[in-house]
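Just so you know, the sequences run in chain order A and B.
Under the numbering used here, the first residue of the first sequence is numbered 159, with each subsequent residue one higher.
Under the numbering used here, the first residue of the second sequence is numbered 7, with each subsequent residue one higher.
C-beta atoms are modelled at their ideal positions from N, C-alpha and C, and glycine is treated no differently.
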Amino acid sequence: ELKVEQNPLFLSMQEGKNYTIYCNYSTTSDRLYWYRQDPGKSLESLFVLLSNGAVKQEGRLMASLDTKARLSTLHITAAVHDLSATYFCAVDRANFGNEKLTFGTGTRLTIIP
Amino acid sequence: NAGVTQTPKFQVLKTGQSMTLQCAQDMNHEYMSWYRQDPGMGLRLIHYSVGAGITDQGEVPNGYNVSRSTTEDFPLRLLSAAPSQTSVYFCASRPDPGRGYTFGSGTRLTVV
Numbered sequence: 159e160l161k162v163e164q165n166p167l168f169l170s171m172q173e174g175k176n177y178t179i180y181c182n183y184s185t186t187s188d189r190l191y192w193y194r195q196d197p198g199k200s201l202e203s204l205f206v207l208l209s210n211g212a213v214k215q216e217g218r219l220m221a222s223l224d225t226k227a228r229l230s231t232l233h234i235t236a237a238v239h240d241l242s243a244t245y246f247c248a249v250d251r252a253n254f255g256n257e258k259l260t261f262g263t264g265t266r267l268t269i270i271p
Numbered sequence: 007n008a009g010v011t012q013t014p015k016f017q018v019l020k021t022g023q024s025m026t027l028q029c030a031q032d033m034n035h036e037y038m039s040w041y042r043q044d045p046g047m048g049l050r051l052i053h054y055s056v057g058a059g060i061t062d063q064g065e066v067p068n069g070y071n072v073s074r075s076t077t078e079d080f081p082l083r084l085l086s087a088a089p090s091q092t093s094v095y096f097c098a099s100r101p102d103p104g105r106g107y108t109f110g111s112g113t114r115l116t117v118v
């Protein structure tokens, strides 16, 4: 059974600081996804990482994937208040027709002005 | 292009009642899934479909049925509602594996 763990579960940080959210998963996977959810809202796709060593950046967010360590990181640079949200990573298997996307429990990020 | 549309947005059911949560997408996506979101548990997969006429169970399928008669629609049926099914339900679609899912706005269901 594929398990996905995120840490920390809660993160409060000051504006302007850097921090990293970690996503570990239990079995071999080729595909990892990061999503953002604002309170009471739906999920928004942020990054899709499809291979070992993949790195993607959008604004102050950068995601990377190490399939050998079964680890993905979401790095926040010079945090701003607008980045306050819950961030989820999710993993699935690269088998044809396998749509069983497994989510982590999420990291609730609060940026303090 | 409306994306993924879910109805209703809110629903209160009595224990034992049945209902259907509707999900429609206009992006011609083959892959569709239903998730439920509960506090502290992330999102859990209920059922999914890889194309019209093809469905399969996810992590928590008990008490739910799905069908996929068209590419656009993927309704979720609660057979006999129970308080444990109180949750927020999300429908999502994507064109193929390796793409991020597009999520609907969610249905907040309360079973009393």
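Query                                                                                                                                                                                                                   : Result
Please classify A:Thr178 as buried or exposed, where buried requires at least 16 other C-beta atoms within 10 Å of its C-beta.                                                                                          : exposed
Whose Cβ in chain B lies nearer than 8 Å to the Cβ of A:Ser200?                                                                                                                                                         : Phe96, Phe109, Gly110, Ser111 and Gly112
According to DSSP, simplified to helix, strand and coil, what is B:Ser24?                                                                                                                                               : coil
Please work out which residues of its chain come closer than 6 Å, Cβ to Cβ, to A:Ala176, disregarding the five sequence neighbours upstream and downstream, and give them in chain order.                               : Checking the displayed sequence, the identity of residue 176 of chain A turns out to be Asn instead of Ala. So the list reads Thr235, once near-sequence residues are dropped.
Could you name the residues of chain A that B:Met47 contacts, counting a contact when the two beta carbons are closer than 8 Å?                                                                                         : Thr263
Taking A:Leu190 as the reference, which of A:Gln164, A:Arg218 and A:Ala243 has the closest Cα?                                                                                                                          : A:Gln164
Check B:Gly90 in the structure and name its three-state DSSP category.                                                                                                                                                  : Here residue 90 of chain B turns out to be Ser, not Gly, going by the sequence shown. B:Ser90: helix per DSSP, three-state reduction.
With B:Gly48 and A:Phe261 assumed to form a contact (beta carbons below 8 Å), what rounded beta-carbon distance in angstroms separates them?                                                                            : 4 Å
Check this for me: beta carbons of A:Ser200 and B:Gly112, under 8 Å apart or not?                                                                                                                                       : yes
Please give the ranges of any beta strand (DSSP E) in the stretch 63-117 of chain B, keeping only runs that are unbroken, at least 3 residues long and fully inside the region.                                         : 70-72, 82-84, 93-100 and 113-117
So, is the C-beta of A:Arg228 closer than 8 Å to a C-beta in chain B?                                                                                                                                                   : no
Tell me which residues share the same chain as B:Leu51 and place their Cβ nearer than 8 Å to its Cβ, disregarding the 5 neighbours each side in the sequence.                                                           : Ser39, Trp40, Tyr41, Gly64, Glu65 and Val66
Say whether the stretch 228-244 of chain A touches the stretch 20-39 of chain B, bearing in mind that this needs 3 or more beta-carbon pairs closer than 8 Å, one atom from each stretch.                               : no
Taking Cβ positions only, does B:Gly104 come closer than 8 Å to chain A?                                                                                                                                                : yes
Comparing alpha-carbon positions, which option in B:Phe16, B:Leu84, B:Val118 and B:Glu36 lies nearest B:Ser75?                                                                                                          : B:Glu36
Whether or not the stretch 53-62 of chain B and the stretch 215-231 of chain A are in contact is what I'm after, with contact meaning three or more pairs of Cβ atoms, one per stretch, closer than 8 Å; do they touch? : no
Along chain A, which residues have their Cβ under 7 Å away from the Cβ of B:Leu51?                                                                                                                                      : Lys258 and Leu259
Could you work out which residues of chain B lie near A:Tyr191, taking near to mean beta carbons separated by less than 8 Å?                                                                                            : Gly106 and Tyr107
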